[in-house]
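Novice:
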Amino acid sequence: MIMSDAIFSRPTHTFDGMMEECSPSTVSIREFGCEQNLLSRSDGSASFIQGNTSVLAAVYGPAEVKVSKEIYDRATLEVIIQPKVGLPSVKERAQEQCVRETCEASLLLSLHPRSSLTLVLQELHNDGSLLSCFLNAGCMAMMDAGLPMSCLFCGVTCAIHTDGTIITDPTAAQEAESRALMTFAIDSKEHQVMMTSTKGSFSVQEMQQCIAVSQAASEKIFSFHRESLRRRYSKSV
Amino acid sequence: MAAGFKTADPLEYHRSFLKENCRPDGRELHEFRTTTVNIGSISTADGSALVKLGNTTVICGVKAELANPSVEATGKGFIVPNVDLPPLCSSQFRPGPPGEQAQAASQFMADIIESSEMLQMEDLCIERGKLCWSLYCDLICLDYDGNLLDACALTMLAALKNTRLPKVRVNGETGAPEVDLGKRRGLKIRRHPVAASFCIFDDSVLLVDPAAEEEQLATARLTVVTDEEGRLCGVHKPGGTPLSGERLQELIGRATVRQKEIHRLIDKVIKSIV
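Here the protein sequences come in this chain order: A and B.
Here the UniProt record's numbering is used: the first residue of the first sequence is 1, the next is one more, and so on.
Here the UniProt record's numbering is used: the first residue of the second sequence is 1, the next is one more, and so on.
Printed below as a string of structure tokens:
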């Protein structure tokens, strides 16, 4: 199911405090889409596409856990990121940590003590905003697996161009010519920031603007979540 | 009795302290631990520093090697940070290849160098396309009591400030490098990025500079890196409890104050040695 962002024109989320208001017209994210339940062996799977960036995710579990990794009061979550070429490096480890801790915060892990959950993320193509695509694919796969979660989350990447404009969901070319790059994970309950990962230097105002823009963009992704679930579980007439 | 309480229910033990607005080690909620910096601790390294943040101890040695510049960036040198968490520093680390935390910390150090532009890679070039410096910053944790990222970032900065590279000349006839170990020159550090870490307890209480136990019980961790101009060079929050923009603003304010304190401390230490 591919959905362009033009379909949605929801009222913007309002922010208080020093955060800037941003109109929906300024927030444009690339066309995105998702397919769930496409692998037969996994307990949940999804592929997420943002423009040309594409990630395949699979969830296994709750299953038996290695004794050394067992946690007595909650499930052990393991995230594995596979790059398109070569072996996972230090960069992938750092991304794994970000995705894992975000998932840990949204999953109700205490419902499955002494068990293991594995999320495997395979990069299929990278055209910018890869970390946010990992987050989105991971969330869709966990939903498909039917794991109990306290909230959903989505990933949004913002790039600050050398002239100061903020680009949401940048392509690889836009990322290369930006002076700062930020990825946020936004939760669906209060639209607050669950994860941040940044590159480059920027001012405090710029970061607040980027958060506001990401929160507005997250609205589109969350309504997509809602829409895709509604289609999947509604009885076809 | 207190020791039993701590082992049986560490979370409740910490809560009982936080209710009174203090922490088990006697600190206030927004207080950093005593920070000690020692530079030039390893005489055989080109630059070194030892930092203690409460009990957390990190040592860094900078080794400079001559290398060939990469084909894509002929006028640039290299700087390679590496964080090691040996089993010596805490029971939570096992011998063997570096774990996720060590690798993530190494990546974070590399990100700080790149994002803050503390060092221009062009400064490490000796002769364009032929010869450049490759600086290996090896960070080893000797005692792990939480807040590794702050300690590592500070140790690396202090060690780089302490680094003095020998003079190198490329022989015109043979093309071989000639190193003059007697004449050394310091690196030009353009920015002073300082990390400040926080953790969130029970989804609400904010703690500054968490110790190992607090870190383990926390629901979220966050590290903010700022430079002397108040610009942010990195906001790293790997996950956990969601935070609002206002809350982040508060943390950034605290991190800016910390940057000033640490910058002053480093300047004082550097001056004391010259």
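Note that CB positions come from ideal geometry on N, CA and C, so glycine has one too.
Quick check on the burial criterion: 16 or more other C-beta atoms within 10 angstroms. Buried or exposed for B:LEU184?
Specialist: For clarity, residue 184 of chain B is Arg in the given sequence; the question names Leu instead. Exposed, since its Cβ has fewer than 16 Cβ neighbours within 10 Å.
Novice: For A:VAL193 versus A:VAL27, is the C-beta distance shorter than 8 Å?
Specialist: No; because the gap between Cβ atoms is not below 8 Å, this pair is not in contact.
Novice: Alpha carbons only, please: which of A:THR157, A:SER201, A:ILE49, A:GLU31 is nearest the one belonging to B:ARG231?
Specialist: Among A:THR157, A:SER201, A:ILE49, A:GLU31, the Cα nearest to that of B:ARG231 belongs to A:SER201.
Novice: So if I threshold CB-CB distances at 8 Å, which residues from the stretch 206 to 222 of chain A count as touching chain B?
Specialist: Under the 8 Å Cβ criterion, the stretch 206 to 222 of chain A contributes MET207, GLN208, ILE211, ALA212.
Novice: Can you tell me whether A:ASP169 is buried or exposed? The criterion is at least 16 other CB atoms within 10 Å of its CB, across all chains shown.
Specialist: Buried.
Novice: Starting from the Cα of A:GLU78, find the closest Cα among A:GLY86, A:VAL204, A:VAL99 and give me that residue.
Specialist: Among A:GLY86, A:VAL204, A:VAL99, the Cα nearest to that of A:GLU78 belongs to A:VAL99.
Novice: Taking buried to mean at least 16 other C-beta atoms within 10 Å of its own C-beta, is A:SER231 buried or exposed?
Specialist: Per the sequence shown, residue 231 of chain A should be read as Arg rather than Ser. By the 10 Å Cβ count, A:ARG231 comes out exposed.
Novice: Whole angstroms is fine: what's the gap from B:GLY240's alpha carbon to A:MET195's?
Specialist: Taking the straight line joining both Cα atoms gives about 7 Å.
Novice: Please identify the residue among A:SER42, A:ASP187, A:LEU109 whose C-alpha is closest to the C-alpha of A:ALA57.
Specialist: Among A:SER42, A:ASP187, A:LEU109, the Cα nearest to that of A:ALA57 is on A:SER42.
Novice: Using the beta-carbon count (16 or more within 10 Å), is B:ILE273 buried or exposed?
Specialist: Looking at its Cβ environment, which holds fewer than 16 other Cβ atoms inside 10 Å, B:ILE273 is exposed.
Novice: If contact means a Cβ-Cβ distance below 9 Å, which residues of the stretch 231 to 247 of chain B contact chain A?
Specialist: Here the close residues are ARG231, LEU232, CYS233, GLY234, VAL235, HIS236, LYS237, PRO238, GLY239, GLY240, THR241, PRO242, LEU243, SER244, GLY245, GLU246, ARG247.
Novice: In chain A, which residues lie less than 7 Å from B:GLU20 when you measure between Cβ atoms?
Specialist: In chain order: nothing, as chain A lies at least about 27 Å away.
Novice: Does A:PHE202 get closer than 8 Å to chain B when you measure Cβ to Cβ?
Specialist: So yes, A:PHE202 belongs to the interface.
Novice: Any beta-carbon of chain B closer than 8 Å to the one on A:ASP187?
Specialist: Yes - at least one Cβ of chain B is within 8 Å of the one on A:ASP187.
Novice: Roughly how many angstroms lie between the CA atoms of B:ARG258 and B:ILE113, to the nearest whole one?
Specialist: One C-alpha to the other measures close to 19 Å.
Novice: Look up A:GLN82 in the DSSP assignment and say whether it is helix, strand or coil.
Specialist: In this structure, A:GLN82 counts as strand in the three-state DSSP scheme.
Novice: Here's the rule: buried if 16 or more other CB atoms are within 10 angstroms of the residue's CB, otherwise exposed. What is A:GLY155?
Specialist: That one is buried.
Novice: Are there three or more Cβ pairs, one per stretch, closer than 8 Å when the stretch 170 to 182 of chain B is compared with the stretch 235 to 252 of chain B?
Specialist: Contact fails: fewer than three Cβ-Cβ distances are below 8 Å.
Novice: Enumerate in chain order the residues of its own chain whose CB-to-CB distance from A:ARG74 is below 6 Å, with the five nearest sequence positions on each side excluded.
Specialist: Same-chain partners within the cutoff: LEU109, SER110, PRO113.
Novice: Check whether the Cβ atoms of B:VAL62 and B:SER41 sit closer than 8 Å, and answer yes or no.
Specialist: Cβ distance not < 8 Å, so B:VAL62 and B:SER41 don't count as in contact.
Novice: Relative to the alpha-carbon of A:ALA137, which residue among A:LEU87, A:ALA185, A:CYS34 has its alpha-carbon at the smallest distance?
Specialist: It is A:CYS34.
Novice: When the Cα of A:THR118 is compared with those of A:CYS151, A:ILE167, A:ASN37, A:ALA145, which residue comes out closest?
Specialist: The shortest C-alpha separation from A:THR118 is found at A:ALA145.
Novice: Please list, in chain order, all residues of the same chain as A:LEU135 whose beta carbon is under 7 Å from its beta carbon, the five residues on each side excluded.
Specialist: Correct list, in chain order: VAL99, THR102, PHE153, CYS154, GLY155, ALA185.
Novice: Please name the residue, chosen from B:GLU173, B:ILE189, B:ALA218, that lies closest to B:HIS263 on a Cα-to-Cα basis.
Specialist: Cα-wise, what sits closest to B:HIS263 is B:ILE189.
Novice: Please state the DSSP three-state secondary structure of A:PHE8.
Specialist: Bear in mind that a pLDDT of 36 at A:PHE8, under 50, signals an unreliable position, so the number given afterwards is only what the model happens to contain. The answer is coil: DSSP assigns A:PHE8 none of H, G, I, E or B.
Novice: Looking at the secondary structure, which residues open and close the alpha helix (DSSP H) in which B:GLY4 lies?
Specialist: 2 to 8 is the span of the alpha helix (DSSP H), which, as asked, contains B:GLY4.
Novice: Could you compute how far the alpha carbon of B:PHE17 sits from the alpha carbon of B:ALA196?
Specialist: For B:PHE17 and B:ALA196, the distance between alpha carbons rounds to 23 Å.
Novice: Taking Cβ positions, are A:LEU131 and A:GLN95 nearer each other than 8 Å?
Specialist: Taking 8 Å as the Cβ cut-off, A:LEU131 and A:GLN95 qualify as a contacting pair.
Novice: If you draw a straight line from the alpha carbon of B:ALA211 to that of B:ASP202, how long is it in whole angstroms?
Specialist: Going from the Cα of B:ALA211 to the Cα of B:ASP202 covers about 16 Å.
Novice: Is B:PHE32 helix, strand or coil when you go by DSSP?
Specialist: Here B:PHE32 sits in coil by DSSP.
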